[in-house]
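There are 2 protein chains.
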Amino acid sequence: MIPSWLTLRDMEYVVAVAKHEHFGRAATECCVSQPSLSTQIRKIESYLGAVLFERNNRRVSTTMAGRRIAEQAALILDEAGKIPNLLGHMAVPRFESLNLGFISSASSFIPFVLTDLKKAFRNIPLSLREGTTDDLVKQLKAGALDAVIAADTVKDVALKSTSLFFEPFVLAAPKGHPILRKSNLKPSDLRAAEMVLLEEGHCLRDQAIHICPKNRRGNPRTFHATSIETLRHLVASGAGYTLLPKLAANGKPMSNLITYVDFESSKIGRELVILCRAQAADQDPFSLLNRTLLKAIPE
Amino acid sequence: MIPSWLTLRDMEYVVAVAKHEHFGRAATECCVSQPSLSTQIRKIESYLGAVLFERNNRRVSTTMAGRRIAEQAALILDEAGKIPNLLGHMAVPRFESLNLGFISSASSFIPFVLTDLKKAFRNIPLSLREGTTDDLVKQLKAGALDAVIAADTVKDVALKSTSLFFEPFVLAAPKGHPILRKSNLKPSDLRAAEMVLLEEGHCLRDQAIHICPKNRRGNPRTFHATSIETLRHLVASGAGYTLLPKLAANGKPMSNLITYVDFESSKIGRELVILCRAQAADQDPFSLLNRTLLKAIPE
DNA sequence: TGGAATCATAGCTGTACCCTATCACTGATT
DNA sequence: AATCAGTGATAGGGTACAGCTATGATTCCA
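Listed in order, the protein sequences are those of chains L and W.
First residue of the first sequence: 3, per my numbering; consecutive thereafter.
First residue of the second sequence: 3, per my numbering; consecutive thereafter.
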């Protein structure tokens with residue numbers, strides 16, 4: 003009968019304790035806390051119905067049974083360790099690590115994709131970075147990033163872009179601000195001089211300015227937020243109104259201070275895309291990445 | 003590097019699917035549902051970064067990678083299967099299975115001990131039986147039961163009894179019953195003629211009658227409950243009052259119909275004990291059993 | 001006697017796995 | 001052609017359990 007309650011992790015524990023004869027140090031080696039390891043060893047012992055380690059509060063000693071089990075466990079771990087090698091070239095090419103860039107204004111997209119990403123790329127170190135489009139594109143081309151989520155403003159032959167989804171903009175204004183009296187909100191209702199925006203370099207700033215062409219020459223207020231979060235705080239404290247991507251307005255954060263209003267037309271917004279280096283775009287991991295991100299789109 | 007996220011169970015899955023090339027049948031063999039198995043295989047594949055099985059909705063075929071992994075998995079399972087044998091005589095003597103008897107009136111004790119029992123005797127088939135003292139003692143002596151939880155009324159040299167705890171009795175009366183007017187409830191307040199009891203053979207019945215000596219000759223009502231549960235129903239429907247062990251009154255079940263009252267003296271009650279065959283009493287598993295039960299005592 | 005070292009216990013939390021129900025697809029049967 | 005049976009995938013929800021921190025109990029040593 004196969005003891006399917008035994009995990010390879012359990013075997014590491016047994017081997018480690020047998021090696022150190024010390025729970026604390028064994029726990030450190032296994033990267034767990036001492037209580038966790040103690041509990042697990044106890045569990046194993048109670049399953050096996052045998053005492054593997056004699057512990058008398060001052061010294062841990064491995065019993066005969068413990069020694070034998072530990073040896074066998076080491077053997078099994080060894081065999082299990084060979085599994086990844088068995089694949090060799092048969093394994094689909096994968097990312098060594100997955101480094102994703104998000105423009106600041108798309109960071110609200112992260113929570114939606116994170117779970118699925120971790121699932122799809124189990125075992126692969128995942129790092130997310132936030133920044134401006136230019137900054138991220140530079141890093142992407144340099145190879146420091148594998149893919150970037152950005153607005154579809156980038157034209158670069160070295161990059162391939164895959165459409166992700168259209169994200170409408172939403173007006174975020176301090177509660178009671180005059181602009182809120184308008185019904186059927188249109189871009190032309192916005193006055194750049196009344197707006198607070200992200201600082202230079204963030205595409206959301208440019209989009210916000212250009213969305214209402216008549217107002218292009220008004221000077222936006224001199225507050226310069228570097229993240230959506232501070233932008234919201236500025237609005238909340240009455241510094242002016244702003245445009246937010248729909249996802250950033252999700253759940254109406256700070257709704258006691260900020261009012262969120264949809265535009266009359268649902269066409270007001272931006273297209274988000276995935277960017278990756280053109281020559282890498284056809285590789286298997288990228289199609290998995292694209293599929294994963296597309297699947298995670300909210301609504 | 004050791005893939006400690008792989009479990010032996012996972013390996014069984016891979017081996018089974020490789021063997022049947024059919025998820026449904028493999029799932030049956032592994033005693034899991036087909037979706038569970040599908041998900042796990044998927045998980046393994048995403049960890050390994052390789053496709054182990056080609057499935058095109060009509061047929062499952064094992065890839066080269068899948069075949070190799072399955073072979074190695076089978077080897078590992080084989081090695082793991084040897085573990086229990088390694089113990090041989092070194093294993094502490096254990097129950098093959100643990101068969102516990104509870105007198106009906108102590109069945110409320112079960113939920114308190116169940117979790118700990120399962121923990122202490124992992125892997126060992128556990129069966130609980132309810133019955134009268136005589137019945138259970140007979141089975142215990144015949145070897146059909148390993149231990150019995152009963153009141154301390156049993157005197158039998160072939161059995162050894164270990165004190166468990168003292169459980170007070172509680173009056174359970176239909177809401178509004180005259181007896182509830184008494185404050186400082188004493189055994190002498192009880193009238194056998196007004197009581198409903200378990201049927202002959204249950205020690206709780208005898209205890210209830212004998213607890214109020216003055217009333218021994220009154221005839222209890224002719225309802226005969228065979229379990230605490232029906233006894234409560236009888237009380238709830240107004241058939242009379244009864245005595246319940248404290249644990250059976252725990253959480254005041256049916257409290258819209260039944261009122262529970264403690265006795266003035268906390269001495270009114272019974273001692274619960276663990277019985278086991280005298281010659282077996284010193285064996286290791288029994289001391290573990292005793293310790294486990296003692297630890298699980300409520301309050 | 002007090003402090004350091006060490007394993008055990010308690011209580012809580014997050015997550016991975018499992019289940020049921022349902023979907024989506026395919027090939028066969030009428 | 002249309003329906004049905006067979007199959008794997010997906011969704012949603014519940015639960016068991018390994019993990020954590022904090023604390024306890026015991027022993028050794030100063």
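Just so it is clear, CB atoms sit at the ideal spot from N, CA and C, and this is done for glycine as well.
In this text the structure is predicted, and so the values were computed from the model without any measurement.
- Interface annotation, isoleucine 78 of chain W: in contact with chain L, CB-CB separation under 7 Å.
- At a cut-off of 7 Å between beta carbons, threonine 117 of chain W makes no contact with chain L.
- Around the CB of leucine 116 of chain L, fewer than 16 other CB atoms lie within 10 Å, so the residue is classed as exposed.
- Using a Cβ distance threshold of 7 Å, phenylalanine 171 of chain L and leucine 274 of chain L do not count as a contacting pair.
- For arginine 293 of chain W, no beta strand (DSSP E) run applies; the uninterrupted alpha helix (DSSP H) run containing it begins and ends at 286-297, by DSSP.
- Note on geometry: alpha-carbon atoms of tryptophan 7 of chain W and glutamate 14 of chain L lie some 12 Å from one another.
- Of all residues in the region 4-20 of chain W, only Ile4, Pro5, Ser6, Trp7, Leu8, Thr9, Leu10, Arg11 and Glu14 come within less than 8 Å of chain L when Cβ atoms are compared, listed by chain position.
- The DSSP-derived three-state label of valine 62 of chain L is strand.
- Interface annotation, glutamate 81 of chain W: in contact with chain L, CB-CB separation under 7 Å.
- Taking a cut-off of 8 Å on C-beta distances, the region 226-246 of chain W touches the region 256-267 of chain W, as three or more cross pairs fall below it.
- Approximately 6 Å separates the beta-carbon atoms of leucine 54 of chain W and isoleucine 71 of chain W; this is inside 8 Å, confirming the contact.
- Here isoleucine 299 of chain W has Phe114, Leu166 and Phe167 as same chain residues with Cβ atoms under 8 Å from its own Cβ, once five neighbours each way along the sequence are excluded.
- Identification of chain L residues near valine 94 of chain W by a Cβ-Cβ cut-off of 8 Å yields Gly51, Ala52 and Val53, ordered along the chain.
- At a cut-off of 7 Å between beta carbons, glutamine 74 of chain W contacts chain L.
- Look at the region 103-146 of chain L and you find these whole runs of beta strand (DSSP E), each 3 residues long or longer: 128-133.
- Per DSSP, serine 38 of chain W is not a residue of any beta strand (DSSP E); the alpha helix (DSSP H) it occupies stretches across 36-50.
- By the Cβ neighbour-count rule, glutamine 281 of chain L is exposed, with fewer than 16 other Cβ atoms within 10 Å of its own.
- Burial check for glycine 271 of chain W: the Cβ neighbour count within 10 Å reaches 16 or more, so the residue is buried.
- Contacts with chain L at 7 Å (Cβ-Cβ) do not include leucine 166 of chain W.
- Boundaries of the beta strand (DSSP E) around arginine 272 of chain W: 271-279.
- The straight-line gap separating the alpha-carbon atoms of leucine 119 of chain W and leucine 102 of chain L is approximately 49 Å.
- The closest CA to that of alanine 52 of chain W, considering only L:Arg60, L:Cys32, L:Arg124 and L:Lys297, is found on L:Arg124.
- Rounded to the nearest whole angstrom, the CA to CA distance from cysteine 33 of chain L to glutamate 73 of chain L is 21 Å.
- Taking a C-beta distance under 7 Å as the contact criterion, threonine 164 of chain L and alanine 152 of chain L do not qualify as a contact pair.
- Histidine 204 of chain L is classed as buried because its beta carbon has at least 16 other beta carbons within 10 Å across all chains shown.
- Note: lysine 162 of chain L is bridge-paired with L:Cys278 in the DSSP secondary-structure output.
- Beta-bridge annotation (DSSP): glutamate 169 of chain L is paired with L:Arg272.
- Taking a contact to require three or more Cβ pairs closer than 8 Å, the region 74-86 of chain L and the region 15-24 of chain L qualify as touching.
- Note on lysine 188 of chain W: under 16 other CB atoms within 10 angstroms of its CB, so exposed under the neighbour-count rule.
- When secondary structure is reduced to three states using DSSP, proline 86 of chain W falls in the helix class.
- By the criterion of a C-beta distance shorter than 7 Å, valine 150 of chain L is surrounded in its chain by Gly103, Leu138, Val139, Leu142 and Leu277, once the five residues flanking it on both sides are discounted.
- With 16 or more neighbouring CB atoms inside 10 Å of its own CB, valine 198 of chain L falls in the buried class.
- Remark: C-beta atoms of isoleucine 4 of chain W and glycine 26 of chain L do not approach each other more closely than 7 Å.
- Closest in alpha carbon position to threonine 228 of chain W, among W:Ala108, W:Arg293 and W:Phe288, is W:Ala108.
- Alanine 28 of chain L and serine 40 of chain L have their alpha carbons spaced roughly 10 Å apart.
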